[in-house]
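Enquirer: When the letters of the sequence shown are read in order and numbered with numbering that gives the first Met the number 0, they come out as residues 0 to 351.
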Amino acid sequence: MRVAFLALFVLLWSGTTSAQSLSDNDRALIDAARRNDVAAARVLIGRGANVNAKDDTQQSAYLISTSEGYVELLRLTLAHGADVHATDSYNGTGLIRAADRGHVEVIRELLKTPIRIDHVNRLGWTALLEAVILGDGGPQHTETVRLLVRAGANTEIVDPSGLTALQHARKKGFREIEAILTGKDTAATMARALLDATRRNDIEAARRLITAGADVNAQDENRDSAFLLAGAEGRLEILKLALQAGADLRSTNRYGGTALIPACHHGHIETVRELLKTAIDVNHVNRLGWTALLETVILGDGGPAYVEITRLLVAHKADLNLADKRGVTPLAHARQRGYRQIASILESAGAR
0 MRVAFLALFV
10 LLWSGTTSAQ
20 SLSDNDRALI
30 DAARRNDVAA
40 ARVLIGRGAN
50 VNAKDDTQQS
60 AYLISTSEGY
70 VELLRLTLAH
80 GADVHATDSY
90 NGTGLIRAAD
100 RGHVEVIREL
110 LKTPIRIDHV
120 NRLGWTALLE
130 AVILGDGGPQ
140 HTETVRLLVR
150 AGANTEIVDP
160 SGLTALQHAR
170 KKGFREIEAI
180 LTGKDTAATM
190 ARALLDATRR
200 NDIEAARRLI
210 TAGADVNAQD
220 ENRDSAFLLA
230 GAEGRLEILK
240 LALQAGADLR
250 STNRYGGTAL
260 IPACHHGHIE
270 TVRELLKTAI
280 DVNHVNRLGW
290 TALLETVILG
300 DGGPAYVEIT
310 RLLVAHKADL
320 NLADKRGVTP
330 LAHARQRGYR
340 QIASILESAG
350 AR
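1. Assuming T65 and G93 form a contact by the criterion Cβ under 8 Å, report the distance between their Cβ atoms to the nearest whole angstrom.
2. Using CA atoms only, rank isn't needed, just tell me which of G337, Y254, A164, T197 is closest to G299.
3. Please classify A32: is it buried, with 16 or more other beta-carbons within 10 angstroms of its beta-carbon, or exposed?
4. Should D300 be counted as a contact of the ligand MG given a C-beta to heavy atom distance under 6 Å?
5. What is the rounded straight-line gap between the Cα of R334 and the Cα of V281?
6. Please look up how many angstroms separate the CB atoms of G197 and A178, rounded, as I've assumed it's under 8 Å.
7. Extract the residue ranges of the alpha helix (DSSP H) inside the stretch 47-132, only unbroken runs of 4 or more that lie entirely within it.
8. Taking the C-alpha atoms as reference points, what is the distance between V215 and I29?
9. With a 10 Å radius around its C-beta and 16 neighbouring C-beta atoms as the bar for buried, classify D158 as buried or exposed.
10. Helix, strand or coil for Q218 per DSSP?
11. Might you give, ordered along the chain, the residues of its own chain that have their beta carbon closer than 7 Å to the beta carbon of H315, omitting 5 neighbours on each side?
12. Where does the unbroken alpha helix (DSSP H) through S347 begin, and where does it stop?
13. How long is the line joining the alpha carbons of L383 and R107, rounded to whole angstroms?
14. Can you check whether the CB of A190 is closer than 7 Å to the CB of A217?
15. When the distance is taken between beta carbons, is T143 closer than 7 Å to A81?
16. Quick check on D135: does DSSP put it in helix, strand or coil?
17. So the candidates are T295, G245, T251, T257; which of them puts its Cα closest to the Cα of G266?
18. As a quick exercise: from D195, S343, R351, pick the residue whose alpha carbon is nearest that of D219.
19. Tell me whether T188 sits in a helix, a strand or coil according to DSSP, three-state version.
What follows is the structure in structure tokens.
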């Protein structure tokens, strides 16, 4: 009896001293991790702080970086011996913690390590189950599911209620996640997700989808593609990504216009500038009978943005005398509207 009591005492004592035995550097490192103070963390690690040391809440600098989405801090802890099999008070790994919150970049980093993808925590959930059950079905959690499935996560594991991740996704109406889990994460699904990301100007989501192979030229029922929409809406960074991914410069929207024409229409100077670095046809005529220059004058307000766009188009050899369907030239339209600066630019360039 005495031996059993002593054994129990030793077990309990050893289980409660991890926090008490933390060094000052270890405690300071955990505090720095909570603040995401990477510079301080780097100094403390250099002084011997342990990235795996846990406080009385079972938090370590490494585990904090996973749950909070601190990617640079995570990389630092991994570079200094982070135990990827370490678990928190719920017996959850860093991967489960990151999946819970949809920290996509953290998940990307963790999937480069030997972390157990199908580890089950005390709630009976894997990272995949947690991403669906606790996620909102939005872009971050959808990409989380995509990454886990591509990394080989077991989609047949059930939670304590007997439901799979797919069944949870269906119950919650997460259609894109359902498509991923049923192997129907098709090109069309990814293209729709990319269009949605472009509409929201969600640059990181667009980057991830393009990297995963989403087609920047795929057009929906309105003839919008990520490339064309980025041009029309002035989504400059997404436009650059689309151009790098092979955007079709000859593709046209429902009005028969290239990406350049609506960019000019809406006064997106930097978008126009970016498109003019390419081989896009500056004199393409849409179904309304307008070129980019005509649209700049006809649909613009003659203000500074449209003046600058006119300069850019002139500098890139726009046909100054290409008239609309009624035979009215850009210069005539500018004069009719009282756009003196634009008219002056066109006259100086030889427009009639």
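Note that the Cβ used here is the ideal one computed from N, Cα and C, for glycine as well.
Expert: According to the structure data:
1. Position 66 of the sequence shown, counted from the start, is the residue given in the question as residue 65. Position 94 of the sequence shown, counted from the start, is the residue given in the question as residue 93. Going by Cβ atoms, the distance from T65 to G93 rounds to 3 Å, so yes, they are a contact pair.
2. What you label residue 299 is simply residue 300 of the sequence shown in a count that begins at 1. It is G337 whose Cα lies nearest to the Cα of G299.
3. Indexing the sequence shown from 1 puts residue 32 at position 33. Answer is buried; the Cβ neighbour count reaches 16.
4. The model on display carries no ligand, and the ligand MG is accordingly not part of it.
5. Mapped onto the sequence shown, residue 334 falls at position 335. Mapped onto the sequence shown, residue 281 falls at position 282. Each residue's Cα considered, the two are about 22 Å apart.
6. As a position in the sequence shown, residue 197 is number 198, starting the count at 1. As a position in the sequence shown, residue 178 is number 179, starting the count at 1. Per the sequence shown, residue 197 should be read as Thr rather than Gly. Between A178 and T197 the Cβ distance is about 19 Å, and since that is not below 8 Å, they are no contact.
7. 60-67, 70-78, 93-100, 103-109, 126-132
8. Here the question's residue 215 lines up with position 216 in the sequence shown. Here the question's residue 29 lines up with position 30 in the sequence shown. Their Cα atoms are separated by approximately 43 Å.
9. Numbered from 1 along the sequence shown, position 159 holds the residue referred to as residue 158. Buried, since its Cβ has 16 or more Cβ neighbours within 10 Å.
10. As a first step, residue 218 is located in the sequence shown; it is residue number 219 there, counting from the start. It is coil, neither helix nor strand.
11. Counted from its first residue, the sequence shown places residue 315 at position 316. Here the set comprises L275, V281.
12. Working through the sequence shown from its first residue, we reach residue 347 at position 348. From DSSP, the alpha helix (DSSP H) with S347 extends over 339-347.
13. Beyond the ends of the chain as shown, which are 0 and 351, falls residue 383; an answer cannot be given.
14. Residue numbering aside, residue 217 sits at position 218 when the sequence shown is read from its first letter. Residue numbering aside, residue 190 sits at position 191 when the sequence shown is read from its first letter. Cβ atoms of A217 and A190: closer than 7 Å.
15. Counting from one through the sequence shown, the residue named residue 81 turns up at place 82. Counting from one through the sequence shown, the residue named residue 143 turns up at place 144. Cβ atoms of A81 and T143: not closer than 7 Å.
16. On the sequence shown, residue 135 is found 136 positions in, with the first residue counted as 1. In this structure, D135 counts as coil in the three-state DSSP scheme.
17. As a working mapping, residue 266 is identified with position 267 in the sequence shown. That would be T295, whose Cα lies nearest to the Cα of G266.
18. Residue mapping note: residue 219 aligns to position 220 of the sequence shown, counting from 1. The option with the nearest alpha carbon to D219 is D195.
19. Here residue 188 refers to the residue found at position 189 when the sequence shown is read from its first residue. T188: helix per DSSP, three-state reduction.
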